[in-house]
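The block underneath contains the structure these notes are about, expressed in structure tokens.
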Amino acid sequence: MRKLCPNFDREDGLDTVLEVPIPEEMFPSHKSTSLSWQNVKSWMKSNPERSATSIFGGRNTEIQLLLGVVGAPLIPLPVRCDRHPINQSIKDHPIEASMAKYIVQQYIAAAGGETALNSIDSMYAMGKVRMVTSEFSAGEVCKNKAMKVKGVRHGGGEMGGFVLWQKRPELWCLELVVSGCKISAGSDGVVAWRQTPWHHSHASRGPPRPLRRALQGLDPRSTANLFSNSVCIGEKTINEEDCFILKLETETSTLRARSSRNVEIMRHTVWGYFSQRTGLLVQLADTHLLRIKSSADDSIFWETTMESLIQDYRTIDGVNIAHAGTTAVSLFRFGENSESHSRTRMEERWTIEEVDFNIKGLSTDCFLPPGDLKKVDEEGCDVVVGSNTKLPFKIPAASSRVSAAKVVAIDVDDSYNIDDDDDDEL
-5 MRKLCPNFDR EDGLDTVLEV PIPEEMFPSH KSTSLSWQNV KSWMKSNPER
45 SATSIFGGRN TEIQLLLGVV GAPLIPLPVR CDRHPINQSI KDHPIEASMA
95 KYIVQQYIAA AGGETALNSI DSMYAMGKVR MVTSEFSAGE VCKNKAMKVK
145 GVRHGGGEMG GFVLWQKRPE LWCLELVVSG CKISAGSDGV VAWRQTPWHH
195 SHASRGPPRP LRRALQGLDP RSTANLFSNS VCIGEKTINE EDCFILKLET
245 ETSTLRARSS RNVEIMRHTV WGYFSQRTGL LVQLADTHLL RIKSSADDSI
295 FWETTMESLI QDYRTIDGVN IAHAGTTAVS LFRFGENSES HSRTRMEERW
345 TIEEVDFNIK GLSTDCFLPP GDLKKVDEEG CDVVVGSNTK LPFKIPAASS
395 RVSAAKVVAI DVDDSYNIDD DDDDEL
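FYI, my numbering numbers position 46 of the sequence shown as 40, with every residue one higher than the one before it.
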């Protein structure tokens, strides 16, 4: 990935340091340097009129959906900053909880051991991503013919890069650029926030929570702390690895803190799949169910499921860090009549290019929220329902008309502007 942009205006001018490095794939080897950078400038300038393969018609609409859902999701509950996650006897708990604590102990040892993990005061990671909305289906129980595009495994999707800084699970900052659209997200230990080009800065409801991307093999200590109170529910083979399954349910009080009068988070569950052979985390999965009151009697339900396959572990300063992986997302909208049902699938493939620990000069000032941060909308549970922004999703005439409210993922960690052609949709 390239971190510097040449100065083409002055030969003796200094290069510009990019806030977010650009993937090397944006620089074809057969083209000149100046022409390659012109392509990058075009890539950085988001143009809603550009034609590209998109199941929603508009490329920018698809990018907004991808960044809103896959870009910076949060773990459903706070994770304590504890350097000794397993400090009590495993014999003092039910068998399922005792097994989970033993598996977490093995994971700590496999990740590098308590001494190595406890020596980490801060972390920096830089990597690249490729995202795509791979499938959309609508209609009665989503039985209509699904529209599909080339997945990330076959070179489809949008390219981008990201930089992550972290001191604690609740003290982090992420910058992610995908095809000219940049989102920033972070937590200062008091509030978690997000900033996008198409929406004002906004805070998430409830206590500050860790970034899910950090627990995808980048932060073993927080992963151990997260699953220290889980239960073992069985075994499963993931990617030809026999794994133990650890399950963690979000407490009712936490769900209530993230809910509001019109939007209720009914459940949010996390699963960790730990290899029986290596002890390392192989897959991280979570699913949450959201209910939105659309009228006095009707409700719309959104079920979001994310499964991240974590791969390519390498030792960095004595700690095993995952350097690659894929995330598959499924968004299912149901409720009302069957014709309003829809399912959207997204994919992300990421690669970590650089990782470093104990960053000098990384103070708490680096995690301050934007100056224009707005408080959480009490009526929306981080979901803004209004007509401020219309997302021009286009579905072929052969299928039923699908509005933005039927497609956009309602994620309580983000504030989506949902506009619908029908007033009675929400």
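Every residue gets a Cβ at the ideal spot worked out from N, C-alpha and C, and that includes glycine.
| query | result |
| --- | --- |
| Span of the alpha helix (DSSP H), counted from its first residue to its last, around residue 241 | From DSSP, residue 241 is part of no alpha helix (DSSP H) but of the beta strand (DSSP E) over 235 to 243. |
| Through-space distance from residue -3 to residue 12, alpha-carbon basis | 5 angstroms |
| Three-state secondary structure assigned by DSSP to residue 117 | strand |
| Residues near residue 280 in its chain [Cβ-Cβ closer than 6 angstroms; skip 5 each side] | 264, 300 |
| For residue 350, the three-state DSSP class (helix, strand or coil) | strand |
| Residues near residue 151 in its chain [Cβ-Cβ closer than 6 angstroms; skip 5 each side] | 124, 125, 126 |
| Local Cβ density within 10 Å of residue 161, reported as buried at 16 or more and exposed below that | buried |
| Residue 268 to residue 294 span [Cα, whole Å] | 35 angstroms |
| Alpha-carbon to alpha-carbon, residue 189 and residue 178 | 5 angstroms |
| Residues near residue 184 by beta carbon distance below 7 angstroms, same chain, minus five either side | 202 |
| N- and C-terminal bounds of the alpha helix (DSSP H) containing residue 217 | 214 to 220 |
| contact_flag[the stretch 233 to 246, the stretch 325 to 336] where n(CB pairs < 8 angstroms) is 3 or more | no |
| Whole beta strand (DSSP E) elements within the stretch 291 to 370, 3-residue minimum | 293 to 310, 313 to 329, 336 to 351 |
| 8 angstroms Cβ cutoff met for residue 168 and residue 205 | yes |
| Boundaries of the alpha helix (DSSP H) in which residue 111 is found, first to last residue | 108 to 112 |
| Residue 98, enclosing beta strand (DSSP E) - first and last residue | Segment 89 to 105 is the alpha helix (DSSP H) holding residue 98; no beta strand (DSSP E) there. |
| CB of residue 215 within 8 angstroms of CB of residue 114, strictly | yes |
| Length of the line joining the Cα atoms of residue 112 and residue 70 | 24 angstroms |
| Rounded separation between residue 6 and residue -1 - CA only | 14 angstroms |
| Cβ pair residue 97, residue 210 closer than 8 angstroms | no |
| Exposure of residue 85, with buried meaning 16 or more beta-carbon neighbours within 10 Å | exposed |
| Simplified DSSP assignment, three categories, for residue 4 | coil |
| Alpha-carbon to alpha-carbon, residue 318 and residue 57 | 22 angstroms |
| Whole-angstrom distance between residue 15 and residue 159, CA atom to CA atom | 14 angstroms |
| Check whether residue 174 and residue -5 have beta carbons under 8 angstroms apart | no |
| Terminal residues of the alpha helix (DSSP H) in which residue 251 lies | 246 to 252 |
| Member of 74, 19, 191, 243 whose CA lies at the smallest distance from the CA of residue 61 | 191 |
| is_contact[residue 218, chain D] using C-beta, thresh 8 angstroms | The chain inventory of the structure shown lacks chain D, comprising one protein chain alone. |
| Residues near residue 353 by beta carbon distance below 6 angstroms, same chain, minus five either side | 116, 118 |
| Contact belief for residue 180 with residue 363 at Cβ below 8 angstroms, rounded distance in angstroms | 7 angstroms |
| Buried versus exposed call for residue 121 [16 or more other C-beta atoms within 10 Å across all chains shown] | buried |
| Distance, residue 54 Cα to residue 171 Cα | 13 angstroms |
| Which listed residue (258, 207, 164, 325) has its alpha carbon closest to that of residue 73 | 164 |
| Where residue 184 falls: helix, strand or coil (DSSP) | coil |
| Other residues of its chain near residue 273: CB distance less than 7 angstroms, five sequence neighbours each side excluded | 100, 101, 103, 104 |
| Start-to-end residues for the beta strand (DSSP E) that takes in residue 269 | 257 to 269 |
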